[in-house]
Every structure is written in structure tokens, then in C-alpha cells.
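In the numbering used here, the protein residues as written are 7 to 344.
Cβ atoms here follow ideal geometry from the backbone N, Cα and C, with glycine treated the same way.
Please read the structure below before turning to the comments.
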Amino acid sequence: MSRPSFGGKGFGLRLENPADRYERETQNIQQRLAEVRSKSGIVEICGQVYHGVDKDDLHELHRLGQGSYGEVKKMQLKTGQVMAVKKMVISQMNDEESKRILTDLDVVNRARGCPNIVRCYGYIFDSQDVLILMECMATCLDSLLKKMGRPFPESAVDRIACGVLDGLDYLKCSCKVIHRDVKPSNILLDFNGTVKLCDFGISGHLVNSLVKTNVGCIGYMSPERIHQKGAYDVRSDVWSFGLSLVELARGEHPYSKVAHEFELLTVIVQQPAPVVSMDEGFSALFVNFVTLCLAKDPEHRPKYKQLLEHPYILNARHNTFNMEEWLAEVLAVPNDLF
């Protein structure tokens, strides 16, 4: 008996040579980079558009930190505006790293209408680097938690939960993107206490609400992503979101006692999810909300729509806690007094 042919004319299938596919993807990346470069030096701040801005128009004030694939500095434009500038070296980048730059630029530009996504003013390309010009924020939650050395008040966590959830939902609905790296260091606060998401270099574009590649910080990664069994959806970010809330509410990462990476992976997959309880002083609504976010089975974990309708979030919307005053008080206290 002859074997059926799956590559012949009867099926009309053509298997693409891997080398040809690589060349095609490389050409696509280079084309997208060329399109992005054509808009280099166009900066828009508060409705004012500046053309032809280059690196010499920026004065460095001080270093802010390190984001994914880029150093972040506080800089001042010649016109006086202060901003955060993420610098990424492109001269020796491979295709994967170039994709990350394109993804970051794509997301921040398409999400300009969301108050819970860090604002991008524009970007500057040259032969060596790309500079992404963003609004200057007060701090990230990771730095704030380290400065305080103790848990956030639940009222602050409530407000943060609303902002993060709104930002994630906007990414999904308006940008068709899943963040994939939700954690306190990627959640920022401006000086008014507004919550904003950042660092979209590894965000994944959703196809039929699913993504397949596995990137992100292991400590916040959901069990299904560690399993690497097929595609996953926004509920993987819901897990990371829930872990982040527990970390803020308790003052330490839920898996902070786990010493080694392999052990951490095993704990996340095989042991029960972290829990919070009313015995610790948390509200019943918060306990229930976190429990839902940290359901081990993603099929039992809510998506954004259900979470936005949860009584915890609806109640938190009416929270009168003054984030601006609280943040100002925390930032004003010297580190050695905490």
C-alpha cells in the first residue's frame, strides 16, 4: 500500500524552507524598523509637537533604573520639559531584540488614550541607540515597597488594583495585547498617585485571544506558562496580578522563602496557590478577589470582565483614600527612618 502524500498537488501545501522563513522575518523586521525610524525625533508633549529632536537636545539629570532591555534616566529637553528616557542599544541587536523594541514602541504609541499606561512622548533613533521618551513618574511599586519595608495599607492596594486592572483591560481590548510581565517593578505611580503600567518589550499580540511563547519573570509566572502546554491567554496575567497584590498587601513576595529557581518552578506548579485570610486583617472582598486571581486552574480563573465586575473592584472605585497624600508622605521620609 502506498503512503499518502501530504506535500503534493492534491493538498496544495507548500512547506517553507526555514532559511527562507528566517530571511522573510528578518526583512519584515528591517522594514518595520525603517518605518519607525522615519518618525524619529517627533516629540509631542501636552499638545505641543517638536520636530527634529535629537540626543543633543537632552540633558541628563540622573539615572532612574534598569527596565527590561534598557537603562532609564531622568532627562530634560532643551525646552524645559523633564522626562524619563529609556535607552536601548541597537547597534548589535539580533532580530529578537529588535522585535522587543518594536513591540514596546508599538504598545506605548497605541495606548496613548489610556490613563493607566505610561505616556510616550516620542523616540529618537541613531546608528547606535534608540531613546524612548516617556512621562516622568514618581516611583515603581517595587521600589516603594523596599523603601517602606512593610506592607501597603489595604486602601492603597485597593486603588492600585483598580488602576492595574483598567490598564490590563485596555491593553487587551484596545491593543489586543497581553502584558506577560506584570509585577510591582512594572507598575508605576505618578506624583498624583495615578497607577500606570510600563515595560511592554515582551508583550504578546493576541491571536484569537491566545499567545504561545513563554517569556517573563519566573517569580510571577502562572502555572500554565511554566507547564508550557499549548497557548495561554490573559488569565496568565491575572495570576501575576494576584501575586503582585499579595506582595503589596503582605510586604514580601509570596515565594520569597524559596531559594532556587528550579525549586520555585516546582512550588508554583505543584503546591497550593498563595492565600490571604481575614485572620490577617484583610477584608472578605479582598480575600475572595485574590483567591479568584490565584486559581491554579486557568479555566477557573476569571478574565478581566469578570474581575472588573467583582464587588471588591466596584467597592474600591468608591475608596476615598488619598493616594497623592500617602505617596508624598512615603517619599518624603528618609530611607533610614523606615
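For Phe268, three-class secondary structure by DSSP
helix
Going by Cα to Cα distance, which pick from Gly53, Val55, Asp60 is closest to Ser46?
Out of Gly53, Val55, Asp60, Asp60 has the C-alpha closest to the C-alpha of Ser46.
Apply the 10 Å Cβ neighbour rule to Val188 and answer buried if 16 or more other Cβ atoms are within range, or exposed otherwise.
Buried, by the Cβ-count rule.
Mind checking His185: buried by the 16 CB within 10 Å criterion, or exposed?
buried
Measuring alpha carbon to alpha carbon, tell me which of Val273, Gly76, Leu254 ends up nearest Lys152.
Leu254
By Cβ distance below 6 Å, which residues in the same chain neighbour Glu160 in space, the five residues on each side in sequence not counted?
none
Nearest by alpha-carbon distance to Asp303: which of Ser133, Glu230, Asp148 is it?
Glu230
Own chain, CB closer than 6 Å to Glu330, minus 5 neighbours either side, in chain order
The residues are Asn198, Gly199.
Examine the Cβ distances between the region 156–176 and the region 75–87 and report whether three or more of them are shorter than 8 Å.
no
Leaving aside the five residues before and after Glu41 along the sequence, list all residues of the same chain whose C-beta is less than 8 Å from its C-beta, in chain order.
So the list is empty, once near-sequence residues are dropped.
Which word fits Met284, buried or exposed, when buried means at least 16 other C-beta atoms lie within 10 angstroms of its C-beta?
exposed
Name the two residues that bound the continuous beta strand (DSSP E) containing Val170.
Val170 -> not in any beta strand (DSSP E); alpha helix (DSSP H) instead, spanning 160–181.
Among the candidates Lys93, Asn328, Pro317, whose CA atom is the shortest distance from the CA of Ser133?
Nearest of Lys93, Asn328, Pro317 to Ser133, Cα basis: Lys93.
For Leu333, tell me which candidate among Pro121, Gly58, Tyr226, Val163 has the shortest Cα-Cα distance.
Check the Cα spacing between Leu333 and each of Pro121, Gly58, Tyr226, Val163: the tightest is with Val163.
Name the residue from Val136, Leu291, Leu139, Val264 whose alpha carbon lies nearest to the alpha carbon of Leu320.
Leu291
Figure out for me which residue from Val281, His324, Gly248, Lys79 has the closest Cα to the Cα of Tyr310.
Gly248
Supposed close pair Glu288, Val282 - CB separation, criterion 8 Å
For the sequence presented, residue 288 should be read as Phe rather than Glu. Between the beta-carbon of Phe288 and that of Val282 there is about 5 Å, and that keeps the pair under the 8 Å contact cut.
Which residues in the same chain have their Cβ closer than 7 Å to the Cβ of Val293, if we skip the five residues on either side of it in sequence?
Val282, Ser283, Met284
Put Arg323 into one of helix, strand or coil per three-state DSSP.
coil
Using a 10 Å radius around the Cβ and a threshold of 16 neighbouring Cβ atoms, would you call Arg241 buried or exposed?
buried
Determine the DSSP secondary structure at Leu300, reduced to helix, strand or coil.
It is coil, neither helix nor strand.
Since Ile138 contacts Val91 with CB under 8 Å, what's their CB separation in whole angstroms?
7 Å
Got a sec? Which residues, its chain only, sit under 6 Å from Ile166 by beta carbon, not counting five neighbours each side?
Non-local C-beta neighbours of Ile166 in its own chain, meaning closer than 6 Å and more than five positions away in sequence, comprise Val201, ordered along the chain.
For Leu147, which residues in the same chain have their Cβ closer than 6 Å to its Cβ, ignoring the five residues on either side in sequence?
Pro190, Ile193
For the candidate residues Phe268, Asn115, Val136, whose alpha-carbon lies nearest to that of Tyr127?
Asn115
What are the uninterrupted segments assigned as beta strand (DSSP E) that are 3 or more residues long and contained completely in the region 65–129, given in chain order?
76–83, 88–95
To which residues of the same chain is Cys120 closer than 6 Å at the C-beta, ignoring the five residues directly before and after it?
Tyr176
Can you say whether Ser215 is buried or exposed, counting buried as having 16 or more other CB atoms within 10 angstroms of its CB?
With a pLDDT of 42 at Ser215, under the threshold of 50, the modelled position of that residue is not reliable, and the figure given next carries that caveat. When all chains shown are included, Ser215 counts as exposed.
Taking C-beta to C-beta, are Ile224 and Glu267 nearer than 8 Å?
yes
Keeping to the same chain, check which residues put their C-beta closer than 6 Å to that of Ala279; ignore five residues upstream and five downstream.
Leu300, Lys302
Let me know if Arg323 comes out buried or exposed under the rule of 16 or more other beta-carbons within 10 Å of its beta-carbon.
exposed
Using the Cα positions of Phe158 and Gln312, report the straight-line distance between them to the nearest angstrom.
Straight through space, the alpha carbons of Gln312 and Phe158 are spaced by roughly 25 Å.
For Val113, count neighbouring C-beta atoms within 10 Å of its own C-beta (all shown protein chains included) and say buried if the count is 16 or more, exposed if not.
buried
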